[in-house]
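Under full-length UniProt numbering, the first residue of the sequence shown is numbered 1, with each subsequent residue one higher.
Where is the CB? At the ideal position from N, CA and C, for every residue including glycine.
Computed from a predicted structure; not experimentally measured.
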Amino acid sequence: ANGSPLIRTMFYEFPEDKACWELSDQYMFGSRYLVAPIFHLNQFKREVYLPAGQWKLTSDGTVYEGGGTVTVAAPIEYMPVFERL
Numbered sequence: 001a002n003g004s005p006l007i008r009t010m011f012y013e014f015p016e017d018k019a020c021w022e023l024s025d026q027y028m029f030g031s032r033y034l035v036a037p038i039f040h041l042n043q044f045k046r047e048v049y050l051p052a053g054q055w056k057l058t059s060d061g062t063v064y065e066g067g068g069t070v071t072v073a074a075p076i077e078y079m080p081v082f083e084r085l
């Protein structure tokens, strides 16, 4: 344990990424997982900002290159979670 919180704002984990300072609807779970909750009824897809690096969508294994925004499915069964590679 290093004293860092388990649930982290995006800017905590990526302080050099200016886009992360503007995000309020996604977070990091530890330093490995990016979580993008669904906040609206009947919302079945959402945009997620991925910081630089590679990110794997845990639901289907698709790997995305970070540094921008992607739109992913968000069915009622699960919310989008990305693993940092």
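Integer Cβ distance of residue i from residue j, believed to fall under 8 Å
i, j, result
"Leu50", "Gly68", "7 Å"
Residue environment, residue i, which counts as buried when at least 16 other CB atoms sit within 10 Å
i, result
"Val48", "buried"
"Leu57", "buried"
"Phe39", "exposed"
"Gly66", "buried"
Selected residue, minimal CA-CA separation from residue i, among the options
i, options, result
"Tyr33", "Gly3, Asn2, Gln54, Glu77", "Gln54"
"Asp17", "Ala52, Phe82, Asp60, Arg8", "Ala52"
Where the alpha helix (DSSP H) through residue i begins and ends
i, result
"Phe39", "From DSSP, Phe39 is part of no alpha helix (DSSP H); its letter is neither H nor E."
"Tyr12", "10-13"
Contact set for residue i: own chain, Cβ-Cβ below 8 Å, skip 5 residues either direction
i, result
"Leu6", "Phe29, Gly30"
"Phe44", "Ala73, Ala74, Pro75, Ile76"
Other residues of its chain near residue i: CB distance less than 7 Å, five sequence neighbours each side excluded
i, result
"Leu23", "Met10, Tyr49"
Endpoints, the beta strand (DSSP E) within which residue i is located
i, result
"Ala73", "68-73"
"Leu50", "45-50"
"Arg84", "81-84"
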